[in-house]
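Report on the structure given below.
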Amino acid sequence: MGIAFDGDGDRVLLVDGDGREVDGDDILYLIARDRHERGLLQGGVVGTLMTNFGLSMALDKLGIPF
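Residues 135 to 200 in the working numbering are what the sequence shown spells out, letter by letter.
Set out below in structure tokens:
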């Protein structure tokens, strides 16, 4: 797994063990699900206009506001 940040640290890119890029919506889902399951998610998840509608649907199934 690799993690790379841009110059000022406001963007991140993850790659898996085979060098494939991990989609940003997948990253948001995994973090939100983990924090929700551990009772650490306060409020909901915020996305952008570019966020995949599928993420909103997946979070809704978990009861996480988007």
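Note that the Cβ used here is the ideal one computed from N, Cα and C, for glycine as well.
(message) If contact is defined by three or more beta carbon pairs under 8 angstroms, each pair taking one atom from either stretch, is the region 140-152 in contact with the region 165-174?
(response) no
(request) Would you mind reading off the limits of the beta strand (DSSP E) that contains L148? (result) 146-149
(message) Using the three-state DSSP reduction, which class does G178 fall into: helix, strand or coil?
(response) coil
(request) Give the straight-line distance between the Cα atoms of F139 and R145, rounded to the nearest whole angstrom. (result) Between the C-alpha atoms of F139 and R145 there is a straight-line separation of about 6 angstroms.
(request) Going by CA-CA distance only, name the one from G141, L148, G143 that's closest to M225. (result) A question about residue 225 goes unanswered here, because the residues of the chain that appear run from 135 up to 200.
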